[in-house]
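Chains as they are written, first to last, in numbering that gives the first Met the number 0: chain A, 0 to 218; chain B, 0 to 218.
Protein chains: 2
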Amino acid sequence: MSRPVIQIPDNSKPEIDWTTGADQKTMAIHQLLDYFNSFLPLDEEEASAVVNAFHPRRIKRRQFILHEGDICTHNTFVVEGCFRMYLIDEKGKEHNLQFAVENWWIGDIGSFHTEQPSRLYIVAMEDSIVLQIRKGDQLRLFEDHPKFNRIFGVFTENALVAAQRRILQNISSTAEERYLDFLDRYPQLFNRISNVQIASFLGVTPEFLSTIRKKISRS
Amino acid sequence: MSRPVIQIPDNSKPEIDWTTGADQKTMAIHQLLDYFNSFLPLDEEEASAVVNAFHPRRIKRRQFILHEGDICTHNTFVVEGCFRMYLIDEKGKEHNLQFAVENWWIGDIGSFHTEQPSRLYIVAMEDSIVLQIRKGDQLRLFEDHPKFNRIFGVFTENALVAAQRRILQNISSTAEERYLDFLDRYPQLFNRISNVQIASFLGVTPEFLSTIRKKISRS
DNA sequence: ATGCTTTCTTAAGATACCTTAAGGGTGGCT
DNA sequence: AGCCACCCTTAAGGTATCTTAAGAAAGCAT
Chain A
0 MSRPVIQIPD
10 NSKPEIDWTT
20 GADQKTMAIH
30 QLLDYFNSFL
40 PLDEEEASAV
50 VNAFHPRRIK
60 RRQFILHEGD
70 ICTHNTFVVE
80 GCFRMYLIDE
90 KGKEHNLQFA
100 VENWWIGDIG
110 SFHTEQPSRL
120 YIVAMEDSIV
130 LQIRKGDQLR
140 LFEDHPKFNR
150 IFGVFTENAL
160 VAAQRRILQN
170 ISSTAEERYL
180 DFLDRYPQLF
190 NRISNVQIAS
200 FLGVTPEFLS
210 TIRKKISRS
Chain B
0 MSRPVIQIPD
10 NSKPEIDWTT
20 GADQKTMAIH
30 QLLDYFNSFL
40 PLDEEEASAV
50 VNAFHPRRIK
60 RRQFILHEGD
70 ICTHNTFVVE
80 GCFRMYLIDE
90 KGKEHNLQFA
100 VENWWIGDIG
110 SFHTEQPSRL
120 YIVAMEDSIV
130 LQIRKGDQLR
140 LFEDHPKFNR
150 IFGVFTENAL
160 VAAQRRILQN
170 ISSTAEERYL
180 DFLDRYPQLF
190 NRISNVQIAS
200 FLGVTPEFLS
210 TIRKKISRS
């Protein structure tokens, strides 16, 4: 029954063969530069500082880029692919704090900033390509080119607004409302991520999400 | 070094009589400068920029400093007193997103940044004294004195980390665990704020919080 | 003091959500 | 092809939390 039809046209996917040369870094970096430019246009110097500061990396499905106990030393920009960041509680259950797909950032900001061990895991849910910047390089970027202070400041603010929104929803809405809002808000995610993971993000069991979906499909 | 040159009235009592002259602004501002200095020491110029940019204001209990539909035009530093920021849902129920007491910031960052009408209310729970800065003045402060970019960046990051922590707790913990954590985490708040408000912050009804408290007291 | 509002509590019945268990479907791997 | 891992669903019974209602205690206003 009305399971949402999954058709991902693959033609949009820039198939990147990492082995064929230096172009891949160029392509990935270009995507990041476009992204920065959409916030505040960069001049040549700033753009080349970005090129120098970020390093590309291929991540295989199920590969971790952060593990509990590690210090989060990199800030990560997703060029292609899909990640989730989660916590494992005392009972051994996973709870998804965040997803990240193309043009999203991911990392444990707390650990990155304080340099204390993280309690979080970040794992690739698909084969992925990322650009990473080390903390020291990011600080240098901020000092040498103050514009990045502003840009990253806006990212953090946006993340905070989204987090506050989610808190309000968690304390005021039912799981069904949260699920409907998720579908509305993240159309790029819901046909790409398993319901198990979405349930964990919403804070319900997969079984209960299933009954919610059944109820919705009857409407 | 940098302790800004601001006259401190010898009177160490926090009792502020607004009518007796200009000292009150001095005292309030001094508290804010101390606060900034505890993050990054300010030089004289920066300190005097703060003095010029922030305006003191007395807020009476039950008085609003932000109302749904308003655009949040100020960033607010609490010198003395206590506030809560909340949302009213479709059913007319209030849900507390945040509290703020001495040396905390409060405001609807989303509305402040986008200049769109807010959906939130901010109200004083006690007679209070605040220092406010207008958005334009804050931007000017950032431009003229880049250090404030960093300082406010740290504030925002800390707020984001706290918000993420709360999300994880909401999706992984029971109400009792959340309440115990609240007591642990905000000892300055729990004997100052009514249980009705705490319940609304935790996302439970006051009745249920009452049964939680009863259960805890029996241990 | 008298009343009015707010707070906290208690309890009974309802609803949201979880746990456990089971079965079927799909895709990857050999 | 066959097996295995993972995902999705369904259902029964349990727990967490809400709703409604009521009453007692504490603060605030007239």
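Every residue gets a Cβ at the ideal spot worked out from N, C-alpha and C, and that includes glycine. Only a predicted model underlies this, so the values are computations on that prediction, with no experimental measurement involved.
Within chain B, the residues Leu86, Asp88, Lys92, His94, Gly202 have their CB atoms less than 8 Å from the CB of A/Ser171, given in chain order. Separation of the CB atoms of B/Cys71 and B/Asp107 is rounded to 4 Å, and the pair is thereby assigned contact status at 8 Å. Annotation: the continuous beta strand (DSSP E) that includes A/Glu93 extends over 93 to 99. Among the residues of chain A, those whose CB is under 8 Å from the CB of B/Pro145 are Pro145, Asn148, following chain order. Short of 6 Å from the beta carbon of A/Val203, and not among the five residues preceding or following it, lie these beta carbons of its own chain, in chain order: Ala174.
Residue pairing for A/Asn190: DSSP places it in no beta bridge. In the three-state DSSP reduction, A/Val122 falls in the strand class (E or B).
Restricting attention to A/Ser216, A/His54, A/Asn102, A/Ser172, the CA atom closest to the CA of A/Lys134 is found in A/His54. Taking 7 Å as the cut-off between beta carbons, the residues of the stretch 97 to 122 of chain A near chain B are Ile108, Gly109, His112, in sequence order. From the listed residues A/Arg191, A/Arg83, A/Leu130, A/Val160, the smallest Cα separation to A/Ser199 is found for A/Arg83. With a threshold of 16 other beta carbon atoms within 10 Å, B/Gln115 falls short and is exposed. From the beta-carbon of B/Ala158, the residues of chain A found nearer than 8 Å are Leu159. Of the residues B/Glu44, B/Asn51, B/Phe38, the one whose Cα lies closest to the Cα of B/Thr25 is B/Asn51. Under the Cβ distance rule, A/Ile166 counts among the residues neighbouring chain B, one pair being separated by less than 8 Å.
Counting along the chain, A/Pro55 sits inside the beta strand (DSSP E) bounded by residues 53 to 58.
For B/Thr155, the residues of chain A that pass the 8 Å Cβ criterion are Gly152, Thr155, Glu156, Leu159, in the order they occur in the chain. Using a CB distance cut-off of 8 Å, A/Ala52 does not count as an interface residue toward chain B. Excluding sequence positions up to five before and after A/Pro205, its CB lies within less than 7 Å of the CB of Asn194, Val195, Ala198, all in the same chain and listed in chain order. The beta carbons of B/Leu96 and A/Gln163 sit closer together than 8 Å. When DSSP reads this structure, A/Val129 sits in a beta bridge with A/Arg56, A/Val77. In the DSSP assignment, B/Tyr178 is bridged to no other residue. In the DSSP annotation of this structure, the continuous segment of the alpha helix (DSSP H) that includes A/Arg212 starts and ends at 205 to 216. For a Cβ distance threshold of 7 Å, nothing in chain A lies close to B/Ala46: the least Cβ distance comes to about 21 Å.
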